[in-house]
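**Student:** Pasting a structure here, questions to come.
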Amino acid sequence: MTLFEDPAQDLALAPGAMLLGRFAETADSALLAALGRIIAAAPIRHMMTPNGGQMSVGMTNCGAAGWVSDRTGYRYDGRDPETGRPWPAMPQSFADLATRAAAAAGFAGFVPDACLINRYTAATRLSLHQDRNERDLGAPIVSVSLGLPAVFLWGGLRRAQRPRRVRLVHGDVVVWGGPARMTFHGIDPLRAADHALTGPLRYNLTFRRAL
Ligand code: MD6
Ligand code: FE
C-alpha cells in the first residue's frame, strides 16, 4: 500500500446495505480476464430506453438472464437480443465472489442467476433509479466496482430524498437487500482519468437473483 492510498474501509450505508472496501481487489485480474471473454461474446452496447433515448452507460450481461431495455420497457431475457443467442455463462469466479460478498454483508446463501455489466467512460452517468425488475426482491444485489473511481449516489426509498455521495474505488463491493433493497441510487458523471488496469474505463458488475 502506498502512503497516498486510502485504507480499505467497510461502511454501513443503511440497515441492509453495506460497502465492503476493496473486497474484490485480490480477484481483480481474474475478474477482468473473465470480463474480457464475456465482452468478446456479447459486446457492450448502448440500449434504448422506453422514452426513445439512448443510455450513456454501455451494457452487456452474463448468466441465465440478462437485463435489457428497449422501446417496450425493461425486462430480463435469457437471450441477447443483438445475437439471438443465450448470454455467456456466468464465470465461477464471478458467482463465487458474489456469494462471498453477500455472506460477508449478512446475506448467506446468495446464488446469483444474472450479472449486469455496466461500462462507463468519461462523463457517463446513471440517473437515480430503483432496481425493481427482479422477480425475487427478497434476494440482495451485489455490486462490484472495477477500474476508475466513481461517485455513487445513495438516496432513500423515495425519489425526492436527497442522495448522499459515496466514493467507490477499484475493488469496492456494495451489497444491499432487505429493508434497503428498493433504495434509489445512481452514479455521477464519471471523471476522466487513467486506471492501471482499465485505462479510461469503469466497470460495474451487479449480481442479482432475477428469475
Ligand atoms: C453502478 N449500479 O455502480 C451502478 N444497482 O455503476 C447500480 O445501478 C446498482 O450498484 C443496484 C444495486 C447495486 C448497484
Ligand atoms: Fe441499479
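Going by the working numbering, the residue at position 130 of the sequence shown is 139; the numbering climbs one at a time, nothing skipped. We put the beta carbon where it would ideally sit given N, CA and C, even for glycine.
1. Regarding N213 and ligand 1, is the C-beta to nearest heavy atom distance less than 7 Å?
2. Quick one: does the C-beta of D181 sit closer than 7 Å to a heavy atom of ligand 2?
3. Please say whether M27 and D37 have beta carbons closer to each other than 8 Å?
4. From the DSSP output, which residues share a beta bridge with T69?
5. Could you pull the start and end residues of the alpha helix (DSSP H) that F103 belongs to?
6. Leaving out five residues on either side along the sequence, give the residues of the same chain with a beta carbon under 6 Å from the beta carbon of P172.
7. Just to confirm the assignment, what range does the beta strand (DSSP E) spanning G208 have?
8. Give the C-beta separation of M191 and R141 to the nearest angstrom, bearing in mind that I take them to be a contact with Cβ-Cβ under 8 Å.
9. Taking only heavy atoms of ligand 4 into account, decide whether any of them is closer than 7 Å to the Cβ of F161.
10. Within 10 angstroms of the Cβ of G67, are there 16 or more other Cβ atoms? Answer buried if so, exposed if not.
**Tutor:** This is what the structure holds:
1. In the sequence shown, counting from the first residue as 1, residue 213 sits at position 204. The answer is yes for N213.
2. Position 172 of the sequence shown, counting from 1, holds the residue named residue 181. Result no, Cβ not under 7 Å from ligand 2.
3. Along the sequence shown, read from residue 1 onward, the residue named residue 37 stands at position 28. Along the sequence shown, read from residue 1 onward, the residue named residue 27 stands at position 18. Contact flag unset, no.
4. Working through the sequence shown from its first residue, we reach residue 69 at position 60. Beta-bridge pairing links T69 to I126.
5. Here the question's residue 103 lines up with position 94 in the sequence shown. Counting along the chain, the alpha helix (DSSP H) containing F103 begins and ends at Q101 to A113.
6. Translated into positions along the sequence shown, residue 172 becomes position 163. If we look at P172 and ignore the five residues flanking it on each side, its Cβ neighbours are L162, W163 and G164.
7. Walking along the sequence shown from the start, residue 208 turns up at place 199. No beta strand (DSSP E) contains G208, which DSSP labels as neither H nor E.
8. Here residue 191 refers to the residue found at position 182 of the sequence shown. Here residue 141 refers to the residue found at position 132 of the sequence shown. About 7 Å; that satisfies the 8 Å criterion.
9. For the structure depicted, ligand 4 is absent and the ligand set comprises only ligand 1 and ligand 2.
10. Against the sequence shown, residue 67 aligns to sequence position 58. Under this definition G67 is a buried residue.
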